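Take a look at the structure set out below.
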Amino acid sequence: MTQRVPFIRPKMPNANQLAADFESIAAANWFSNFGPQERAFRNGIAGFIGGSPGVVTVSNATVGLMTALAALLPRGEGADSIATASFTFAAGAQAAVWHGYRPSWIDIDPVTLQPSLDSFRELADADDAIKAILLTNSFGIGNTEIAEWEAAAGELNIPLIIDSAPGFGSKYAPDEYLGVRGVCEVFSFHATKPFAIGEGGAIVTRDEELALRMREMTNFGFHGNPSEAVSLGINAKLQEINAAIGLRQLSRFEQVLHERQELLRRYEASFAGTPYGLVPGTVESSGGFAPVVVDARIDRDHVLRVLDAHGIDARSYYSPPVHQHQFFAPFAPLERLAHTDNLSAQIISLPVLPDMSDAEFDRVIAALEAATPSMP
Ligand SMILES: *Cc1c(COP(=O)(O)O)cnc(C)c1O
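Mapping to numbering that gives the first Met the number 0: the sequence shown position 339 is 338, numbers consecutive.
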């Protein structure tokens, strides 16, 4: 039987490299708590993004978002809100609720599928308790209106926090990687992301003082020696072994990005003249997978079923959108999120694998053709 094409197949360092890293960690007798691997990885992230930003490594992006919110806002009491998109992964809205805020939902732009500025402006008129914007770079694609979002937050005098979780390696512009916009940006290095170390992430900011404060918060709020808690804190530290994996991944990341973007361009070319379209900006992104909008006249769920029957592991991110999840039912949107509701029913996600063979890629395209009814 032919093997299935998986949705994600992280390319990790090989066992010999990992053994060597673990030997040096054991020799240093330093397994966590900002050891030499973490420091080198932190500097490596700053070097990759450029412009010497402050970098706080974290054990995952969700706790990174929680740390950023807690560093910038007093704990909420349920009445105040954080404006955020529903068409994304649930972690951002969870972090808002965790810190005592209700999510106030921004609809998406129907063409870019990114949070819509017009929708945000309407929301800001209707909800006068918005205390921050948590902007998602959806699918890790850099928002081309990022300067306008910064201005919108500035006008309201509220912080702009950016959930760039799947976007490490994506760009806002040809010479600007994601990382230093808004007050801070949060990345995930989870095994399923384009830059994968297992569990891990980073908060990146131009504000060096904020970076120091957030680093202390990830370490129980400790400051000084002997350690004394001086702020709200949590344990969000990145382990040395994950940092070592991160250093290995960084050393070949440019090559990996190049290969991913090659695959995304092939998807784009194969979709010409079909009822499928890549989400705008995907080809310039780090592309953990290919988000594809299916023509509204086609039954998206049928397409997913045929892909599955052909041995292709596809997904439908982000469907259902977060405001439709059971836990978020008490936080109903003020207005119907028309574009979020419509487009989340038209989206499929296709695999973009490191070392994806031509045979694997061709099987995805063939399965998609088999799933496509002749168009009226
Ligand atoms: C993956 C993801 C997260 C969560 O990252 P973790 O490191 O798994 O906590 C948050 N936001 C978005 C948009 C994501 O895609």
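A virtual CB, placed ideally from N, CA and C, is assigned to each residue, including glycine.
It should be emphasised that the depicted structure is a prediction, and the values quoted were computed from it without experimental measurement.
Of the residues the options, which one's Cα is nearest the Cα of residue i?
{"i": "PHE219", "options": "ASN241, ILE233 and ARG212", "result": "ILE233"}
{"i": "LEU71", "options": "ALA131, SER318 and ASN13", "result": "ALA131"}
{"i": "VAL321", "options": "PHE252, PHE86, GLY197 and ALA295", "result": "PHE86"}
{"i": "SER31", "options": "GLY46, ALA95 and SER58", "result": "SER58"}
{"i": "ALA228", "options": "GLU239, GLU215 and GLY197", "result": "GLU215"}
{"i": "ASP127", "options": "VAL4, GLY46, ASN13 and ALA78", "result": "ALA78"}
{"i": "ARG38", "options": "HIS222, ASN241 and GLU334", "result": "ASN241"}
{"i": "GLU154", "options": "ALA172, SER169 and PHE119", "result": "PHE119"}
{"i": "ASN341", "options": "VAL293, GLU359 and LEU333", "result": "VAL293"}
{"i": "SER169", "options": "HIS257, ARG101 and LEU122", "result": "HIS257"}
{"i": "THR83", "options": "LEU64, GLU76 and HIS222", "result": "LEU64"}
{"i": "ARG74", "options": "TRP97, THR61, VAL54 and VAL55", "result": "TRP97"}
{"i": "GLY50", "options": "TYR100, ILE157 and ARG180", "result": "ARG180"}
{"i": "VAL278", "options": "GLY197, ILE297 and VAL110", "result": "VAL110"}
{"i": "ASN13", "options": "ILE196, MET213 and PHE221", "result": "ILE196"}
{"i": "PHE33", "options": "ALA150, GLU239, ARG212 and PRO225", "result": "GLU239"}
{"i": "ASP117", "options": "ASP307, ALA60, ARG101 and ALA151", "result": "ALA151"}
{"i": "ARG41", "options": "ILE48, TRP29 and THR56", "result": "THR56"}
Since I believe residue j is in contact with residue i (beta carbons under 8 angstroms), could you give me their beta-carbon distance rounded to a whole number of angstroms?
{"i": "SER137", "j": "LEU112", "result": "6 angstroms"}
{"i": "LYS192", "j": "THR217", "result": "In fact, because the Cβ distance is near 19 angstroms, the residues do not count as touching under 8 angstroms."}
{"i": "ALA295", "j": "SER318", "result": "Rounded, the Cβ-Cβ distance is 14 angstroms, inconsistent with contact."}
{"i": "ARG264", "j": "VAL282", "result": "6 angstroms"}
{"i": "LEU231", "j": "ALA69", "result": "6 angstroms"}
{"i": "LEU262", "j": "MET355", "result": "6 angstroms"}
{"i": "VAL380", "j": "GLU368", "result": "Since the first and last residues shown for the chain are 0 and 375, residue 380 lies out of range."}
{"i": "PHE270", "j": "PHE194", "result": "At roughly 26 angstroms, the Cβ-Cβ gap does not stay under 8 angstroms, so PHE270 and PHE194 are not in contact."}
{"i": "ILE336", "j": "ALA125", "result": "Here the sequence assigns Leu to residue 336, which means Ile is not the residue at that position. So it is not a contact: roughly 13 angstroms between Cβ atoms."}
{"i": "ALA60", "j": "PRO52", "result": "Going by Cβ atoms, the distance from ALA60 to PRO52 rounds to 17 angstroms, so no, they are not a contact pair."}
Mind checking which residues open and close the alpha helix (DSSP H) that includes residue i?
{"i": "ALA45", "result": "35-48"}
{"i": "TYR171", "result": "Run containing TYR171: none in the alpha helix (DSSP H); it sits in the beta strand (DSSP E), 170-172."}
{"i": "GLU76", "result": "Here GLU76 belongs to no alpha helix (DSSP H), and DSSP marks it neither H nor E."}
{"i": "SER187", "result": "Here SER187 belongs to no alpha helix (DSSP H); instead the beta strand (DSSP E) covers 183-187."}
Give the range of the beta strand (DSSP E) segment to which residue i is assigned.
{"i": "SER356", "result": "It is not in any beta strand (DSSP E) - SER356 carries neither H nor E in the DSSP assignment."}
{"i": "LEU134", "result": "129-135"}
{"i": "ALA18", "result": "Not the beta strand (DSSP E): ALA18 falls in the alpha helix (DSSP H), residues 14-27."}
{"i": "HIS282", "result": "According to the sequence provided, residue 282 is Val. The question's His does not apply to it. Unbroken run through VAL282: none, as it is neither H nor E."}
{"i": "PHE327", "result": "Taken as a continuous stretch (DSSP letters only), PHE327 belongs to no beta strand (DSSP E), as it is neither H nor E."}
For a test of your reading of the model: does the CB of residue i fall under 7 angstroms from any non-hydrogen atom of ligand 1? Yes or no.
{"i": "ASN59", "result": "yes"}
{"i": "SER85", "result": "no"}
{"i": "THR135", "result": "yes"}
{"i": "PHE167", "result": "no"}
{"i": "HIS338", "result": "no"}
{"i": "PHE88", "result": "yes"}
{"i": "LYS236", "result": "no"}
{"i": "GLY91", "result": "yes"}
{"i": "HIS257", "result": "no"}
{"i": "GLY200", "result": "yes"}
{"i": "ALA164", "result": "yes"}
{"i": "SER187", "result": "yes"}
{"i": "LYS192", "result": "yes"}
At a Cβ threshold of 8 angstroms, is residue i touching chain D?
{"i": "SER80", "result": "Any reference to chain D falls outside this structure, which holds one protein chain only."}
Segment contact, 8 angstroms Cβ cut-off, at least three pairs: the region 80-94 with the region 155-165: yes
Inter-stretch contact at 8 angstroms, needing at least 3 Cβ pairs: the region 275-295 / the region 127-143: yes
Three or more C-beta pairs below 8 angstroms linking the region 184-191 and the region 201-209: yes
Cβ contact check for the region 238-248 and the region 100-111: 3 or more pairs under 8 angstroms: no
Touch test, the region 319-328 against the region 289-302, Cβ-Cβ under 8 angstroms, three pairs minimum: no
contact_flag[the region 145-153, the region 14-33] where n(CB pairs < 8 angstroms) is 3 or more: no
Stretch pair the region 309-319 + the region 345-353: three plus CB contacts closer than 8 angstroms: yes
Segment contact, 8 angstroms Cβ cut-off, at least three pairs: the region 174-181 with the region 4-19: no
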